[in-house]
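Peer 1: Before anything else, here's the structure in question.
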């Protein structure tokens, strides 16, 4: 899995690609935690190129959501499909995260999203 | 297909190899007749079970033994995951309630979501032997349909 960081105005976007599993989720966690602490008002995780995510990857996203409460960062996901979307729905986490269809929608709505999701 | 087929994989407990296990499980499940979504679910169930072994049974050691047997029967597939780590105690592996939103605790929930049966072999001499079973959807024949 690769994670690339870019900025769109004030928003930090993490472009993830590949499988997020026990091997790769620590890398996503490290990057996510670092960006959360960096002071960006909003962090979005681009899941468009994520073909697979397991419970360790989901735990990383939940941890990011929890940290967003502490750092007062707006946090969201976009581009979920296939396995990534279905496992979040199965675990009933799709209503906890701010989830957007694509990047334009995410950038438009993240600033008006109620911060910190449903936690 | 009327016979029984088996695939056996023995690997190390290196998490980099989880994608190999997922790939083999997906391939064998689809080849056996499962839909793509079921095959993906089975790949995730075995991934989660193997991840549990690596994290909890082997304490994140990457050089221990992990063996997977995939048995294809006419009516079901069985996935047997064997390790040589510490014994898993009955009741130790339980999914957390979904309303309790926190990091972790979902692996067992996903395993139980994607298979029909999940059990540890009792009296396995050393380590653990976990069996996951998924039945093929039963085809409805004319004789199964109740008369009006």
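Residue numbers (the numbering used here), protein chains in the order written: chain A, 1 to 119; chain B, 120 to 267.
Using N, Cα and C, we set each Cβ at its ideal position, and we do this for glycine too.
#1: Please tell me whether residue 225 of chain B has its Cβ less than 7 angstroms away from any Cβ of chain A.
#2: Would a C-beta distance cut-off of 7 angstroms place residue 222 of chain B and residue 30 of chain A closer than the cut-off?
#3: So the candidates are B/190, B/244, B/203, B/243; which of them puts its Cα closest to the Cα of residue 253 of chain B?
#4: I need the DSSP call for residue 96 of chain A, collapsed to helix, strand or coil.
#5: Just the Cα atoms here: how many angstroms apart are residue 119 of chain A and residue 136 of chain B?
#6: How should residue 1 of chain A be labelled, buried or exposed, when 16 other C-beta atoms within 10 angstroms of its C-beta is the threshold for buried?
#7: If you reduce the DSSP assignment to three classes, tell me which class residue 155 of chain B lands in.
#8: Do residue 60 of chain A and residue 25 of chain A have their C-beta atoms within less than 7 angstroms of each other?
#9: Can you give me the Cβ contacts of residue 170 of chain B inside the same chain, cut-off strictly under 8 angstroms, excluding the 5 residues immediately before and after it?
#10: Is there a Cβ from chain B that is less than 7 angstroms from the Cβ of residue 119 of chain A?
#11: Since I believe residue 143 of chain B is in contact with residue 126 of chain B (beta carbons under 8 angstroms), could you give me their beta-carbon distance rounded to a whole number of angstroms?
Peer 2: The structure says:
#1: Translated into the one-based positions of the second chain, residue 225 of chain B becomes position 106. Yes, because at least one Cβ of chain A sits closer than 7 angstroms to the Cβ of residue 225 of chain B.
#2: Here residue 222 of chain B refers to the residue found at position 103 when the second chain is read from its first residue. Here residue 30 of chain A refers to the residue found at position 30 when the first chain is read from its first residue. One thing to note: residue 222 of chain B has its Cβ no nearer than 7 angstroms to the Cβ of residue 30 of chain A.
#3: Taking the second chain and counting its residues from 1, one reaches residue 253 of chain B at position 134. Nearest in C-alpha terms to residue 253 of chain B, of all of B/190, B/244, B/203, B/243, is B/190.
#4: As a first step, residue 96 of chain A must be located in the first chain, where it is residue number 96. Residue state, collapsed to three classes: coil.
#5: As a working note, residue 119 of chain A is residue 119 in the first chain. As a working note, residue 136 of chain B is residue 17 in the second chain. Confidence in residue 119 of chain A is poor, its pLDDT being 46 and thus under 50, which makes the residue's placement too unreliable to answer from.
#6: Residue numbering aside, residue 1 of chain A sits at position 1 when the first chain is read from its first letter. With 16 or more other Cβ atoms within 10 Å, it is buried.
#7: Looking up residue 155 of chain B in the second chain gives position 36. Annotated three-state conformation of residue 155 of chain B is helix, per DSSP.
#8: Stepping through the first chain from its first residue, residue 60 of chain A is reached at position 60. Stepping through the first chain from its first residue, residue 25 of chain A is reached at position 25. Yes, Cβ-Cβ distance for residue 60 of chain A and residue 25 of chain A is below 7 angstroms.
#9: The residue labelled residue 170 of chain B in the question sits at position 51 within the second chain. Around residue 170 of chain B: 134, 137, 226.
#10: If you number the first chain from 1, residue 119 of chain A lands on position 119. Note that residue 119 of chain A scores a pLDDT of 46, beneath 50, so its modelled location is shaky; the value from the coordinates is reported in the next line. It does; some Cβ of chain B falls within 7 angstroms.
#11: Locating residue 126 of chain B in the second chain gives position 7, where the first residue counts as 1. Locating residue 143 of chain B in the second chain gives position 24, where the first residue counts as 1. Indeed, because the Cβ distance is near 7 angstroms, the residues count as touching under 8 angstroms.
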